[in-house]
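Protein sequences, first through last, are from chains A and B. According to full-length UniProt numbering, the first sequence is numbered sequentially starting from 1. According to full-length UniProt numbering, the second sequence is numbered sequentially starting from 1. Here the structure is laid out as C-alpha cells; the discussion comes afterwards.
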Amino acid sequence: MGNILLLLIGLLFLVGVLVPFIYPVLKKRTGVVLSVLPLVIFIVLLLELLSIGSRESIILDSTWGFLSGMEFSYRLDGLSIIFGLLISGIGFLILLFSSYYMAKYDRQPHFYTYLTLFMGAMTGLVFADNLFVLFVFWELTSVASFFLIGFDHHLEKSRQASLQALLITAFGGLCLLFAIILTGNITGTYRISELINYSIHLGNHPHYYLILSLVLLAAITKSAQFPFHFWLPGAMQAPTPISAYLHSATMVNAGVFLLLRLYPVIGGTVAWKYLLILTGGITMFLGAFLSMGQRDLKRILAFTTISALGTMVLLIGIDTPNSIKAAIVFFIVHGLYKGGLFMIAGIIDKSTGSRDIYELNGLFRGIPVTAIAALLAVISMAGLPPMLGFVGKELVYEAQIQAPGISWIVLPLGVGANILMVAVSITVFYELFVFNKNKPATKFKYHERQFPVTFLAGAVLLAILGLGLGMSPRFLENILSNALYYIQGHSMEIKLRLWHGFNQVLMLSIFTIFCGVAIFLFRKPVNRVISTFINWLDRYHLPTLFTSVINYYIYLASKNTRRIQHGYHRFYLLTFFLVTIALISLQQFRITEVTLPESGFSPVKWHVALLLFIASLSVIFAVFAKTRLSAILAMGVIGYGIGMLYLFYGAVDLAITQFLVETIIMIVFVMVIYYLPRFAILSSKTSRIRDGIISIAVGAFVTLIVLKAQLIKPDSRVSDFFVENSYTLAHGKNIINTILIDFRSLDTLGEMVVITMAAAGVFSLFRFQIQRLKKKEEKKE
Amino acid sequence: MILLAHILLPFTYILLALLIKKASIKSRLAVLFATFNLLWALALLPIVQFKDIIVVQVGGWAAPYGISLVADRFSVFMLIMTAIVFFLVTIYATQSVDKARRKSGHFFFTFGILMGVNGSFIAGDIFNLYVWYEVMLMSSFILMSLGGERAQMEGSIKYLILNLISALFFVSGVGLLYGNLGTLNMADLSAIISEKSHMLTHLNPALILMVVSFAIKGALVPFFFWLPASYHTPPPAVSALLAGLLTKVGIYSLIRFYTLFLYHDAPFWNQLILWMGVLSMVIGVFAASSQFDFRKILSFHIISQVGYVVIGLGFYTVSGIAAAIFFLAHNMLSKTNAFLVAGWVKRQKGTLNLKTLGEVYKESPVWGVLFFISAFSLAGLPPLSGFIGKYLIIKAGIEANYIVVALIALFVGLFTLFSMVKIWLEVFWKDVPKDRVVKIPEKKRKSQYMLTASIIMAILIVAMGLWAQPIVTYCEQAAVDLLNPELYIDRVLNFSR
C-alpha cells in the first residue's frame with residue numbers, strides 16, 4: 001500500500017510541471033481536478049495510520065537518486081505520517097479553496113504549478129529517509145515559497161517579502177546542507193533509518209557544536225523563530241490560500257519537523273535544550289504579544305503562528321517524553337485551527353473586500369456558516385473545551401510544569417502567552433462577528449450562499465475535525481506513541497483525554513481564561529500600551545533593518561568595486577607585475593643556498609659590451625624622448641641591437657628575422673604616427689617615478705631569473721636530435737626550416753591561423769567602418 | 001589522427017569561410033561543422049574509456065622531439081563540453097547576430113576560438129599550448145571588436161592588452177623552462193622535474209610566470225580585471241561563447257600544470273592556489289552585488305565561480321579535483337545559458353540595464369523559466385547541476401579538513417543567490433518603470449533558433465543535476481588519472497602505435 005506513495009510524490013512534481021499544459025483544457029476546474037492528488041495521498045496515509053503498529057516503521061526503497069548514497073527512499077513512521085496527513089489533507093482543502101478564490105487572478109497556471117510543486121516538496125521532505133533528500137526538498141520548499149510569496153510581483157512589497165523569505169530560508173538551507181554533509185562524513189551514511197536504528201548520536205564528536213548550531217539555524221530560520229521571525233508577517237503578501245497553507249501545515253512547520261527528525265542524532269544535550277528553550281520561549285511570548293496590536297486579520301494570525309511555533313520549539317527544548325508528545329499534539333491543533341482561520345480570512349476578504357477587524361462588523365448575518373466555523377476555530381486557538389486545542393494546551397501546561405529545573409521561567413511565559421492568545425481569540429471573534437452599534441455596518445459584496453461549496457468546505461471541515469478530535473483524542477494515541485518511539489527511542493503508553501479531572505493544570509487553564517477575558521474587557525487601554533510599545537519597537541523594525549543592511553552591503557560593494565575595478569589600465573598592469581614579482585620573491589626566500597654556476601660567467605667580448613652600452617643608452621633615450629618619433633627610433637635601435645647580439649652568437653637566421661620585424665614595425669609606426677593624437681605628458685612626476693621604480697624592479701627580476709636559470713645545466717637531447725636528424729629523416733638542409741615545417745609543423749599551422757585571423761580582422765573592421773561612413777552619408781543626403 | 005580532427009575541423013571551416021560570401025551559407029556551414037565537432041568529441045568518449053589516454057604524435061615524430069597531442073579523460077570531457085556549448089551558441093548566433101556581422105566573418109572568428117580551445121585541451125607540449133592560446137586570443141579579440149562600436153572598442157583593447165601580458169609571461173616561462181630542461185613536451189618535463197626534484201625551487205620562477213599567465217586567462221583574483229571590463233560590450237552571442245569557454249581554458253591549464261609539475265612543490269603551490277581561489281570566490285561575488293547591468297553581474301560571477309573550481313584543485317584530493325572538473329563543466333553550461341537569456345532580453349528590450357528593464361516574465365514565461373533554471377543553477381539550488389557542483393566542492397573541502405574554506409564556499413552561495421534573485425526581481429518580475437521609456441523594436445523578430453538553443457542547454461543543466469552520478473563517476477576517474485602523472489608520462493613517452 002505504502003509503495004504507491006513513491007509514485008504519488010513523483011506524480012505531484014510531474015503534474016506541477018505539466019500544469020501550464022493542462023490548464024488550457026481544464027480552465028477553472030484545474031484546482032478541483034488537482035485536489036484529487038492530495039486527497040489520494042491523504043487516504044493512503046490514513047490507511048497506513050490505522051494499520052501501523054506502535055513500533056513499526058515502513059521503509060520504501062528507491063534506486064534512483066542524483067548521486068549514489070542519496071536515493072529517494074521514503075520512510076513512514078508516526079512522525080512523518082502525522083505531518084503527511086496534515087500536509088495532504090489541508091493541501092486538498094486549499095486546492096478546493098483556491099479554485100474559487102483565485103478565479104479572477106491572472107496567471108493561474110503559474111499559481112497551480114507553484115502550489116503543486118510546493119506540496120510535492122513538502123510531502124517529500126517529511127517522508128524522506130535520507131538526509132540529503134530531505135535537504136533537497138527543504139530547498140525546494142524555499143524556492144516554491146519564494147514564487148508563491150512573490151506571486152503578485154508587480155507590487156514592490158511582494159518582491160521585497162519574497163526576497164527576504166528566500167534569503168533567510170536559503171541561509172538556513174545552506175546551514176542544513178553543511179550540517180548534513182558533516183554528519184554524513186562522520187557517520188558514513190545519509191540514511192535516517194540507519195542513523196536511528198544504530199542509535200548513532202553525535203554528542204561526543206568534536207564537530208558536534210558546529211553541526212548543532214547549523215541545524216538549529218536551519219530550523220529557526222525556517223520556523224520563523226526570533227530573531228528571524230520577521231519574514232513570516234511579510235509573507236502575508238502571498239494570496240490567502242498560500243498563507244493558509246504555509247502557516248498551517250507546511251513551510252514554517254518544517255523547522256519543527258527537522259528538530260524532531262534529527263532528535264535521535266543530535267538532540268537531548270544541554271546545549272540543545274537551553275538554546276531551544278531560549279529561542280522558543282522568546283518567540284512564543286513575543287508572537288502572542290505582537291498579535292494584540294494588529295488590525296489586519298492576516299497579520300494577527302501570522303503573529304499567532306509565530307507564537308505557536310515558538311511553543312513547539314520550546315516544548316522540544318524541554319525534552320521530556322511529555323513535552324515532545326505535547327509538541328506533536330500542538331502541531332496538529334495548530335494546523336487545524338490555523339488553516340481554518342486563514343481560509344475564513346479569505347472568505348471574509350472575498351465577501352466584504354476588507355480584512356481590518358476594526359472596520360468589519362456583524363459579519364454573522366452575511367456568512368453564518370463561516371461564523372460558526374470561526375467560532376470553533378477560535379475556541380481551539382484559545383485552548384478551550386471541547387476542541388482539540390484544549391487537549392493540546394493542557395498537555396503544554398503539563399509539560400511546562402514538569403520542565404526539569406526551569407519550570408519557574410517557562411511556565412509563567414507559557415501562561416502569559418496563552419492569556420494573550422485567549423484575549424486575541426475573543427477579540428477577533430467579537431470584532432468580526434458580533435454586531436456592534438458603534439461601528440458602521442459592513443456592506444457585503446457577496447453573501448455566503450453565493451459562494452460555491454468548495455470555497456467554504458475547508459474552513460468547515462477543519463473546524464469539525466478539531467471538534468471531533470477534541471471529543472475523541474484517543475484516535476491519535478497509537479500514532480503518537482509510534483512517533484515518540486522513533487524520536488526518543490523508548491516506547492510509552494499514551495493516554496489522551498479531554499477531561500483530566502480537577503488538577504493543577506485545570507486550575508491554570510481556568511486562571512488563563514479569567515485573565516484572557518479580563519484583557520479582552522480592558523482591551524482599549526491594553527491595546528494602547530501595546531501600540532506604544534510596537535511604535536517604539538518599529539524603530540528597530542526588522543524587515544526595514546534587513547533591507548537597509550542589504551542596501552548598505554550594496555553600497556559597500558559598489559564603493560569597493562569601483563576601487564578594485566577602477567578602469568585605469570596602468571594600475572591593472574601595475575598589479576599584474578607587482579603581484580608576480582611578489583610571488584617570485586616569496587618563493588626565492590625559501591631557497592637557503594644560493595650558488596653561482598661552477599663555471600662562473602664567461603668573459604664578455606668588447607664588441608658585445610659596446611653593443612649593450614648602445615642599447616642601454618637608447619633605452620634611456622626612449623624613456624626621456626620628447627617626441628613620439630624619436631622614442632620609436634630609439635626602440636628601433638634596441639631591436640637592431642638585439643638582432644646584432646643574435647648575429648654575434650651565431651644565430652644568423654634569427655638575426656635576419658629580427659631585422660625584418662624591426663624594419664616593418666618602424667615603417668608601420670611611421671605610417672600611422674600622423675593619425676595619432678598629439679604627444680603629451682599627462683602623468684605627474686611622482687607617478688612617473690613610481691612607474692620607473694617598478695619598471696626597473698621588473699627588469700631586475702627578469703635578469704635575476706635568467707641568471708639563475710644558468711644554475712641548471714641544460715639538457716640538449718631535443719636540439720641534438722634536430723641537428724642529427726633534420727637531413728637524414730626530415731630531408732631538409734636548414735634545421736630551422738625542418739623544425740618549422742616538419743618537426744613542429746602544428747605550431748606553424750597555429751601561427752598561420754593567428755596571422756589569417758589578424759588579417760581578416762583588420763579587413764572586417766575596416767569594412768565595418770566604411771559601411772558606417774556610407775550610412776552616415778546616406779542619412780545626410 | 002583522431003585528435004587532430006579537433007584542430008582540422010575548425011581549420012577547414014576557416015578555409016571554407018574565406019571562400020564563401022553569402023552570410024546564410026556561412027551560418028549553415030557553421031552549424032554543420034559545429035555538429036561534426038560535437039559528434040567527433042562524443043566519439044572520443046568510448047575510446048578514452050577503453051584506452052585511458054589517447055596520444056597522437058603529430059607528423060610521426062616520437063615523443064619529446066615532435067609535438068604530442070594528448071587527451072586523457074579530463075581533456076575529453078572538456079572537449080565534449082566545449083563542443084556542446086559551441087554547437088548551441090552557434091545555433092543561437094545564426095539568429096542573434098546581425099547579418100552584417102555574420103557576413104564579415106562572425107563564424108570565421110568563432111571557429112578560430114574553437115580551434116584554439118580544442119587545441120589547448122589536447123596540447124601535450126607547452127609551446128604548442130602557447131600557440132593555441134594565441135589563436136584563441138587573436139580570434140576572440142577580433143570577435144570582441146567586430147562592429148567597432150565605441151564601448152566595444154574600449155572593452156576589447158583592455159582585453160587585448162591585459163591578455164598580451166599573460167602571453168608575455170607565458171612565453172617567458174616557456175623560454176626559461178626550455179633553457180633549463182631542454183624539452184617542451186609536458187610528459188617529458190614532468191618526468192625530468194620529478195627526477196630533479198632537488199632543483200625544483202630553481203624552476204619555480206618559470207612556473208610562477210606560467211601560473212600567473214593562467215591566472216590572468218582564468219580571471220582569478222588579482223588578475224581578473226580584463227574580464228568585467230570587456231565581457232559586457234560585444235554582441236550577446238559573443239559574450240556567451242567567451243564566458244562559456246575562455247576562462248575555462250586557463251583553469252584547465254592550471255589543473256594540468258598542477259598535476260604534472262606543480263605538485264612536486266606542493267607546500268608552496270597548494271596554499272597559494274587555495275587562497276587565490278577563496279579570494280576569487282569572495283571578491284567576485286561581492287563585486288557582482290554592486291552591478292546594475294545584466295551581463296556585468298554575470299561577468300563578475302564568472303570570477304567567483306572560477307574560484308570554486310580552483311579551491312577544488314587546492315584541496316588536491318580525488319574528490320576535490322573531481323568536484324573541480326564537475327563544477328567547471330556545470331559552469332560552462334549554466335553561465336553560457338544565462339548569457340543566452342541576456343541576449344534575448346537585449347534583443348527584445350534594447351537594453352540590459354536592470355533599472356530600466358521589467359516585466360519580461362509576463363512577456364515570455366518560457367525565457368523566464370530558462371533564466372530561472374540557469375541562474376538558480378549558478379546559485380546552487382537543487383536539483384540543478386550547480387547544486388551537485390557546490391555539494392561536491394563542499395564535501396571535498398570537509399573531507400580534506402578545510403572546514404573554513406568549505407564554509408566560505410557555502411556562504412558565497414548565498415550571495416550568488418542574492419545577485420541572481422536581484423536580476424530575477426528587476427528584469428523579470430518588476431513592472432517597467434513608468435518614467436523610463438524604452439524603445440521597443442517595431443516588429444517582433446523571430447527567435448525560434450535562439451529559443452531552441454537555450455532550451456536544450458537548460459535541459460542539459462537539469463539533466464546534469466538529476467542524473468549526476470555517471471558524470472561524477474567519470475570525473476572521479478578523470479581525477480584519479482590526473483593524480484597519477486606516471487601514467488601520463490608513460491603513455492606519452494613510451495608511445496607505440
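We treat Cβ as the ideally placed atom computed from N, Cα and C, and that holds for glycine. As the structure is a prediction and not an experimental result, all values here were calculated from the model.
task = Can you pull the chain B residues whose beta carbon is under 7 Å from the beta carbon of A/GLY150, in chain order?
result = The contacting residues are TRP429.
inquiry  = Report the CB separation of A/ALA326 from A/LEU395 in whole angstroms; it is logged as a contact under 8 Å.
reply    = That pair is a contact at about 4 Å.
query = Comparing alpha-carbon positions, which option in A/VAL313, A/SER243, A/THR283 lies nearest A/ARG299?
reply = It is A/SER243.
query = Smallest Cα separation from A/ALA302: which of A/ASN535, A/SER51, A/HIS247?
reply = Out of A/ASN535, A/SER51, A/HIS247, A/HIS247 has the C-alpha closest to the C-alpha of A/ALA302.
task = Kindly say whether B/MET138, judged by its beta-carbon, lies nearer than 7 Å to any beta-carbon of chain A.
result = So, interface residue.
request  = Give the residues from the stretch 162 to 173 of chain A that approach chain B closer than 9 Å (Cβ to any Cβ), ordered along the chain.
outcome  = Residues are counted here when their Cβ sits less than 9 Å from a Cβ of chain B; for the stretch 162 to 173 of chain A these are SER162, LEU163, LEU166, LEU167, ALA170, PHE171, GLY173, given in chain order.
Of the residues A/ILE87, A/ARG75, A/GLY53, the one placed nearest A/SER35, counting alpha carbons only = Nearest C-alpha to A/SER35: A/ILE87.
Interface flag, A/LEU746 vs chain B, CB-CB below 7 Å = By this cut-off, A/LEU746 is an interface position.
query = For A/LEU67, which three-state DSSP category applies?
reply = Coil at A/LEU67, not helix or strand.
query = Could you give the residue range of the beta strand (DSSP E) that holds B/SER68?
reply = Per DSSP, B/SER68 belongs to the beta strand (DSSP E) from 67 to 71.
ask   = Which ranges would you report for the alpha helix (DSSP H) in the stretch 211 to 238 of chain B if only whole runs of at least 4 residues count?
value = Counting only unbroken stretches of 4 or more residues, the alpha helix (DSSP H) elements lying wholly within the stretch 211 to 238 of chain B are 226 to 230, in sequence order.
task = Output yes or no for whether 7 Å exceeds the beta carbon distance between A/TYR397 and A/VAL505.
result = In this structure, A/TYR397 sits near A/VAL505, with a CB-CB distance shorter than 7 Å.
task = Under 8 Å between beta-carbons, which chain A residues line up against B/GLN469? List them in chain order, please.
result = Near B/GLN469 (Cβ distances below 8 Å), the residues of chain A are GLY65, PHE66, LEU67, SER68.
ask   = Smallest Cα separation from A/PRO321: which of A/SER481, A/ILE196, A/PHE289?
value = Nearest neighbour of A/PRO321 by Cα position, chosen from A/SER481, A/ILE196, A/PHE289, turns out to be A/SER481.
message = When you compare the stretch 133 to 150 of chain A with the stretch 43 to 58 of chain A, are there three or more beta-carbon pairs, one atom per stretch, that lie closer than 8 Å?
response = Segments in contact, no.
key: Cutoff 7 Å; reference A/THR116; Cβ partners in own chain excluding five residues on either side   = Same-chain partners within the cutoff: LEU12, VAL15, GLY16, VAL19, LEU34.
task = Determine the direct distance from the alpha carbon of B/ASN128 to that of A/ASP720, and round the result to whole angstroms.
result = Spanning the two alpha carbons is a distance of roughly 20 Å.
ask   = Taking the alpha carbon of B/LEU146 as the point to measure from, which residue in A/ILE426, A/LYS775, A/PHE768, A/LEU216 has its own alpha carbon closest?
value = In this structure, A/PHE768 is the residue among A/ILE426, A/LYS775, A/PHE768, A/LEU216 with its C-alpha nearest to the C-alpha of B/LEU146.
ask   = For A/LEU217, which residues of its own chain have a beta-carbon under 7 Å away from its beta-carbon, when the five flanking residues on both sides are left out?
value = Cβ within range, chain order: GLY172, CYS175.
request  = Can you have a look at B/ARG497 and say buried or exposed, based on whether 16 or more other CB atoms are within 10 angstroms of its CB?
outcome  = In this prediction, B/ARG497 has a pLDDT of 48, which is less than 50 and means its spatial position is unreliable; what the coordinates show is noted afterwards. With fewer than 16 other beta carbons inside 10 angstroms of its own, B/ARG497 counts as exposed.
message = Using the Cβ count rule (16 or more neighbours within 10 Å means buried), how would you classify B/LEU32?
response = Classification of B/LEU32: exposed, given that the 10 Å Cβ count is below 16.
Interface residues of the stretch 185 to 202 of chain A facing chain B [CB-CB below 9 Å] = For chain B, the residues of the stretch 185 to 202 of chain A that bring a beta carbon within less than 9 Å of one of its beta carbons are ASN185, in chain order.
key: Local conformation of A/ASN560 per DSSP, three classes   = For A/ASN560, the three-state secondary structure derived from DSSP is helix.
ask   = Helix, strand or coil for A/TYR568 per DSSP?
value = It is coil, neither helix nor strand.
inquiry  = B/ILE297 and B/SER96 - do their beta-carbons sit closer together than 7 Å?
reply    = No; because the gap between Cβ atoms is not below 7 Å, this pair is not in contact.
Residues of the stretch 689 to 709 of chain A whose Cβ lies closer than 9 Å to any Cβ of chain B, in chain order = So the close ones are PHE701, VAL702, LEU704, ILE705, VAL706, LYS708, ALA709.
query = What are the start and end residues of each continuous alpha helix (DSSP H) run of 4 or more residues lying completely inside the stretch 630 to 687 of chain A, in chain order?
reply = The stretch 630 to 687 of chain A contains these whole alpha helix (DSSP H) runs: 652 to 672.
message = Considering only DSSP beta bridges, list what A/LEU76 is partnered with.
response = In DSSP, A/LEU76 forms a bridge with A/ILE58.
query = Cα separation between B/TYR474 and A/SER407?
reply = Cα to Cα, B/TYR474 sits roughly 57 Å from A/SER407.
ask   = When you compare only the Cα positions, how much space is there between B/PRO277 and B/GLY380?
value = The displayed chain sequence assigns Gly, not Pro, to residue 277 of chain B. Within the model, the alpha-carbon separation for B/GLY277 versus B/GLY380 is close to 18 Å.
ask   = For A/LEU26, which of A/ILE90, A/ILE52, A/SER73, A/TYR112 has the nearest alpha-carbon?
value = Answer by Cα proximity: A/TYR112.
The stretch 127 to 156 of chain B: positions lying closer than 7 Å to chain A by Cβ = If the cut-off is 7 Å between Cβ atoms, the stretch 127 to 156 of chain B has PHE127, ASN128, VAL131, TRP132, GLU134, VAL135, MET138, SER139, ILE142, SER145, LEU146, GLY147, GLY148 near chain A.
query = Under 9 Å Cβ-Cβ, which residues of chain B neighbour A/PHE768?
reply = Per Cβ cutoff of 9 Å: ALA100, ARG101, SER104, LEU146, GLY147, GLY148.
query = Could you give the distance in angstroms between the alpha-carbon of A/LEU46 and the alpha-carbon of A/LEU96?
reply = Rounded to the nearest angstrom, the two C-alpha atoms are 20 Å apart.
inquiry  = Against chain B, does A/MET122 count as a neighbour if the rule is that its beta carbon must be under 7 Å from one of theirs?
reply    = At a cut-off of 7 Å between beta-carbon atoms, A/MET122 makes no contact with chain B.
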